Amino acid sequence: MNNYDVIVVGGGPGGSTVAGLTAADGHRVLLLDKETFPRYQIGESLLPATIHGVCAMLGLREEIERAGFVRKRGGTCKWGANPEPWTFSFATSERMAGPTSYAYQVERSRFDTLLLDNARRLGADVRQGHRALGTVRAAGRISGVRYADDAGHERLATARFVVDASGHGSRLHRDVGGRREYSPHFRNLALFGYFLDGHRMPAPNAGNILCVAFSQGWFWYIPLSATLSSVGAVIKADAAARVRGDPDAAFTDLIGECPLIKDFLRDARRATDPPYDRLRVRKDYSYDRTVLWCPGMILVGDAACFIDPVFSSGVHLATYSALLAARSINSTLAGLVDEHRCLTEFEARYRREFTLFRDFLIAFYQLHHDERSYFGHAHQLTHHTGTDREAFVDLVGGVSAGDFSRHLLGDVLAEGAQLQLRGLLGDAAGDEPPMFPGGLIASPDGRRWLMPDV
Ligand SMILES: Cc1cc2nc3c(=O)[nH]c(=O)nc-3n(C[C@H](O)[C@H](O)[C@H](O)COP(=O)(O)OP(=O)(O)OC[C@H]3O[C@@H](n4cnc5c(N)ncnc54)[C@H](O)[C@@H]3O)c2cc1C
Numbered sequence: 007m008n009n010y011d012v013i014v015v016g017g018g019p020g021g022s023t024v025a026g027l028t029a030a031d032g033h034r035v036l037l038l039d040k041e042t043f044p045r046y047q048i049g050e051s052l053l054p055a056t057i058h059g060v061c062a063m064l065g066l067r068e069e070i071e072r073a074g075f076v077r078k079r080g081g082t083c084k085w086g087a088n089p090e091p092w093t094f095s096f097a098t099s100e101r102m103a104g105p106t107s108y109a110y111q112v113e114r115s116r117f118d119t120l121l122l123d124n125a126r127r128l129g130a131d132v133r134q135g136h137r138a139l140g141t142v143r144a145a146g147r148i149s150g151v152r153y154a155d156d157a158g159h160e161r162l163a164t165a166r167f168v169v170d171a172s173g174h175g176s177r178l179h180r181d182v183g184g185r186r187e188y189s190p191h192f193r194n195l196a197l198f199g200y201f202l203d204g205h206r207m208p209a210p211n212a213g214n215i216l217c218v219a220f221s222q223g224w225f226w227y228i229p230l231s232a233t234l235s236s237v238g239a240v241i242k243a244d245a246a247a248r249v250r251g252d253p254d255a256a257f258t259d260l261i262g263e264c265p266l267i268k269d270f271l272r273d274a275r276r277a278t279d280p281p282y283d284r285l286r287v288r289k290d291y292s293y294d295r296t297v298l299w300c301p302g303m304i305l306v307g308d309a310a311c312f313i314d315p316v317f318s319s320g321v322h323l324a325t326y327s328a329l330l331a332a333r334s335i336n337s338t339l340a341g342l343v344d345e346h347r348c349l350t351e352f353e354a355r356y357r358r359e360f361t362l363f364r365d366f367l368i369a370f371y372q373l374h375h376d377e378r379s380y381f382g383h384a385h386q387l388t389h390h391t392g393t394d395r396e397a398f399v400d401l402v403g404g405v406s407a408g409d410f411s412r413h414l415l416g417d418v419l420a421e422g423a424q425l426q427l428r429g430l431l432g433d434a435a436g437d438e439p440p441m442f443p444g445g446l447i448a449s450p451d452g453r454r455w456l457m458p459d460v
């Protein structure tokens, strides 16, 4: 019984989403994660498109609502030429106004467990403490996974599709061919920890992410509960020596060099309970891949690509790519569209979404500009029909003002908006137009690709 339709390696947001959406379509799905959940992960600030789009499609929106995560209405930045902090709100966007104008700040251990449990509920065979060791090939395609089970015994499972969702530390991603390419623009290092009793912004922005640029880089400050805050410094990787010697002293010094963060932490103390009791360091996390799939195997989430965290796009990209992968698998297995065409559509949409965030971030790191210039740049990139500020908010929320023109980035945002709409209205959302000439469209329930009527 070790033969499946789909094997998913990794039970983070990407893996749980693709496992849930393929199991819900009636396929036999095995999900392997080397950890036992709840497990720690960084990436706590989410986007509205994830909650009201993908999570709604997974049937999880109400459960997430009940979990009591902090509501994120937008962001506050002390960033660029303006010496004063400025705030953006998701409600500015016509596409997100009303019931979808917020996201959440989440403890990933809890959020990821909700998604993993949901994948099991939707029918996936979820195995924790199971580590994938490598893929196997047969007849010119990837055809299975070797893994060590929770007793350490090596086993083999076979499947029509293997999805690598095992994150930035993936050992399997090379098996699709091509290479990982690190971004020359974002050679940064992140040093992060947790505090109790840090200050909050005044209502209604108390749940906002706060991003503060300073001489050495920038800080994030994310309220995870009434008392717990996630605080991280992102600095140039060539400052690594400063961190290597004594990370605690380096962190304290960096906070001291950033007056706004220092002020927010004036009455705070470091958290002492696991998993929040220690400082962590991450580097080499901004990269792309030249190849995202091969026959029988697909990469999603951080296994494929990730770009600097300032706009909290990681979980969005992971769940969005997982949705695109699930559509491709479901359509191929149902015999609706052939694998090559499905995965060409997967790759094209995924690359556009990634490119949007990457190109905007490169401009956002130009600190001699002010927010009006950033808003204008978002407008330029997305060909938005509204104001510059709306263009910016739609971009960083993962949705658009419904610009279905064939411009590169407007189409990416249009897909985000469609996702939100589909999450809210289900089948009533109607068909989306193809994103590319001759491309595929999503089925009314969003779970498969269809050929458009020509
Ligand atoms: C400093 C920093 C800050 C960030 N902040 C944000 C943020 O605010 N918001 C945001 O959205 N994103 C943020 N991110 C990005 C975010 O962490 C990731 O994009 C997101 O977690 C990717 O999800 P995933 O499902 O692809 O992978 P993961 O969440 O990494 O899940 C991968 C899973 O695979 C499992 N696994 C690994 N190897 C194996 C194996 N061999 N066999 C079986 N299982 C395996 C792991 O145990 C893990 O559970 C940040 C990233 C960094 C570096």
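In this text, residue positions in the sequence shown follow the working numbering: the first is 7, and each later residue adds one.
Glycine residues also receive a C-beta, built at the ideal position from the N, C-alpha and C atoms.
Being a predicted model, the structure only gives us computed values, none of them experimental.
> What residues in its chain sit with their C-beta under 6 Å from that of Leu446, if we drop five residues either side in the sequence?
Replying inline: Cβ within range, chain order: Glu351, Trp455.
> Is Gly140 near Arg152, with beta carbons less than 7 Å apart?
Replying inline: Cβ atoms of Gly140 and Arg152: closer than 7 Å.
> Who are the near neighbours of Leu339 in its chain, counting only those whose CB is closer than 7 Å to its CB and skipping five residues on each side?
Replying inline: If we look at Leu339 and ignore the five residues flanking it on each side, its Cβ neighbours are Asp11, His33, Arg166.
>> Closer than 6 Å to a non-hydrogen atom of ligand 1 - does that hold for the CB of Leu362?
In response: No, Cβ of Leu362 sits at least 6 Å from all heavy atoms of ligand 1.
> Between the C-alpha atoms of Leu415 and Ser99, what's the straight-line distance to the nearest angstrom?
Replying inline: Unreliable positioning characterises Leu415 in this predicted model, as indicated by a pLDDT of 29, which lies under 50. The coordinate reading is nonetheless provided below. Answer to the nearest angstrom: the Cα atoms are 17 Å apart.
>> Using the three-state DSSP reduction, which class does His88 fall into: helix, strand or coil?
In response: Rather than His, the amino acid found at residue 88 in this sequence is Asn. Coil.
> Which stretch, first to last residue, makes up the alpha helix (DSSP H) that contains Ser327?
Replying inline: Following the DSSP letters along the chain, one finds Ser327 inside the alpha helix (DSSP H) bounded by residues 320-339.
> In chain order, which beta strand (DSSP E) runs of at least 3 residues are fully inside the segment 65-134?
Replying inline: Runs of the beta strand (DSSP E) spanning 3 or more residues and lying entirely within the segment 65-134 occur at 76-78, 80-84, 92-95, 109-111, 131-134, in chain order.
>> By alpha-carbon positions, which one of Thr42, Gly146, His179, Arg185 ends up nearest to Arg133?
In response: Distances from the alpha-carbon of Arg133 to those of Thr42, Gly146, His179, Arg185 put Thr42 closest.
>> Taking the beta carbon of Arg412 as the centre, do at least 16 other beta carbons fall within 10 Å, making it buried, or is it exposed?
In response: The pLDDT assigned to Arg412 is 26, lower than 50, so where the model puts this residue is not dependable; a value taken from the coordinates is nonetheless given after this. So Arg412 ends up on the exposed side.
> Taking the continuous alpha helix (DSSP H) assigned at Tyr10, which residues delimit it?
Replying inline: Going by DSSP, Tyr10 is part of no alpha helix (DSSP H) but of the beta strand (DSSP E) stretching over 9-15.
> So Val24 and Ala310 are in contact, right, with Cβ under 8 Å, and what is the actual spacing, rounded?
Replying inline: Not confirmed; about 12 Å, so no contact.
> Under a Cβ-count criterion, where at least 16 other Cβ atoms within 10 Å of its own Cβ denotes burial, should Asp283 be classed as buried or exposed?
Replying inline: Exposed: under 16 other Cβ atoms inside 10 Å.
> Is the beta carbon of Arg79 sitting closer than 7 Å to the one on Val405?
Replying inline: Not in contact: Arg79 and Val405 (Cβ atoms no closer than 7 Å).
> Between the beta-carbon of Cys300 and the beta-carbon of Val182, is there less than 7 Å?
Replying inline: Yes.
> Regarding Phe312 and ligand 1, is the C-beta to nearest heavy atom distance less than 6 Å?
Replying inline: Phe312: yes, Cβ under 6 Å from ligand 1.
>> Are there any heavy atoms of ligand 3 lying less than 6 Å away from the beta-carbon of Ser235, as far as the coordinates show?
In response: For the structure depicted, ligand 3 is absent and the ligand set comprises only ligand 1.
>> Does the distance between the C-beta of Ser318 and the nearest non-hydrogen atom of ligand 1 fall short of 6 Å?
In response: Taken from the Cβ of Ser318, at least one heavy atom of ligand 1 lies inside 6 Å.
>> Taking 7 Å as the threshold (C-beta atoms), are Arg276 and Phe198 in contact?
In response: No, these two residues do not count as a Cβ contact at 7 Å.
>> Could you tell me the alpha carbon to alpha carbon distance between Ser115 and Ser149, rounded to whole angstroms?
In response: If you take the alpha carbons of Ser115 and Ser149, they lie about 31 Å apart.
> For ligand 1, any of its heavy atoms closer than 6 Å to the Cβ of Glu377?
Replying inline: Because no heavy atom of ligand 1 lies under 6 Å away, the Cβ of Glu377 does not count as near it: no.
> Is it true that the CB of Gly204 sits closer than 7 Å to the CB of Ala274?
Replying inline: In terms of Cβ geometry, Ala274 and Gly204 form a close pair [threshold 7 Å].
> Which whole runs of the alpha helix (DSSP H) in the segment 257-281 are 4 residues long or more, in chain order?
Replying inline: Qualifying alpha helix (DSSP H) stretches, in chain order: 265-270.
>> Quick check: the Cα distance between Leu419 and Arg395, rounded to an integer number of angstroms?
In response: Because the pLDDT at Leu419 is just 44, under 50, the model does not fix this residue reliably, and the value given afterwards should be weighed accordingly. Straight through space, the alpha carbons of Arg395 and Leu419 are spaced by roughly 15 Å.
> Using the rule of at least 16 other Cβ atoms within 10 Å of the residue's Cβ for burial, across every protein chain shown, is Glu68 buried or exposed?
Replying inline: Flag for Glu68 reads exposed.
> Using the rule of at least 16 other Cβ atoms within 10 Å of the residue's Cβ for burial, across every protein chain shown, is Thr388 buried or exposed?
Replying inline: A buried status is given to Thr388, since no fewer than 16 other beta-carbon atoms sit within 10 Å of its beta-carbon.
>> Nearest by alpha-carbon distance to Tyr293: which of Arg185, Ser95, Val218, Gly444 is it?
In response: Among Arg185, Ser95, Val218, Gly444, the Cα nearest to that of Tyr293 is on Arg185.
>> Below 8 Å on the Cβ atoms is my contact criterion, and I expect Glu71 with Gln111 to pass it. Report the Cβ-Cβ distance as a whole number of Å.
In response: Going by Cβ atoms, the distance from Glu71 to Gln111 rounds to 14 Å, so no, they are not a contact pair.
>> Considering only DSSP beta bridges, list what Leu456 is partnered with.
In response: Note: Leu456 sits in a beta bridge opposite Ile447.
>> My output table needs one value for Tyr356: the three-state DSSP class, helix, strand or coil.
In response: Helix.
> Beta-carbon of Leu202 versus every beta-carbon of chain B: anything under 7 Å?
Replying inline: Given the protein chain composition of this structure (a single chain), no chain B is represented.
> Which class does Gly223 belong to by DSSP, given the choice of helix, strand or coil?
Replying inline: In this structure, Gly223 counts as strand in the three-state DSSP scheme.
>> Considering only the alpha carbon of each residue, which of Gly86, Thr82, Arg355, Arg364 lies closest to Phe442?
In response: Checking every option, the nearest Cα to that of Phe442 belongs to Arg355.
> For Asp417, which residues from the same chain have a beta carbon less than 6 Å from its beta carbon, with the 5 sequence-adjacent residues on both sides left out?
Replying inline: Any reading at Asp417 needs caution, since the residue's pLDDT is 38, under 50, leaving its predicted position unreliable; the model's value is listed next. The answer, listed in chain order, is Met441.
>> Closest to Glu160 by C-alpha separation, out of Val168, Ala144, Ala138, would be which residue?
In response: When C-alpha distances from Glu160 are compared across Val168, Ala144, Ala138, the shortest belongs to Ala138.
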